[in-house]
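What follows is a single structure, written as structure tokens, with notes after it.
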């Protein structure tokens, strides 16, 4: 009985140490900035500290993009009504290999390209689809032994509602 209890305690304490080490590693990996460029792609500036000097680390970034497309005419004016707007949920991901510096620090950028995953959008007549708004959720950067999550980010490209101002003419 004592041997079984002692073995169980040893296993539990080993698991607790491994769990704490995993949490400590996760605290060293962070997303410093998340920006959306003019094409709707998400750039994640990531950093990690306390790695072995000059070691290579593979990072994987992923997110879910909720993209709103608006059908616009040849002047770039959004078409009205429900036929003129489409919403697509797009999973995006990217991987990057980075090297730690002499102090064991990594600073790199992962770019999640939504352009590579754009759905086909059918617009009526001579109109075409234009990205009006994009929102990234479930942002995750991971490597073996560590991960971190990011806040939701969004960007509006064109207004989806136009207000007509009557100047009394």
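Numbering (mature numbering (1 follows the signal peptide of the UniProt record, and there is no 0)), first residue to last: -26 to -1, 1 to 143. Just so you know, even glycine gets a beta-carbon here, dropped at the ideal spot from N, CA and C. Only a predicted model underlies this, so the values are computations on that prediction, with no experimental measurement involved.
Under DSSP, residue 9 takes part in a beta bridge, and its partners are 17.
Ranking 53, 36 and 37 by CA distance to the CA of residue 44 puts 53 first. Per the coordinates, the alpha-carbon of residue 96 lies some 32 Å from the alpha-carbon of residue 125. The straight-line gap separating the alpha-carbon atoms of residue 82 and residue 99 is approximately 44 Å. Its Cα nearest to that of residue 2, the residue 74 stands out among 92, 60, 74 and 67.
Annotation: the continuous beta strand (DSSP E) that includes residue 45 extends over 30 to 46.
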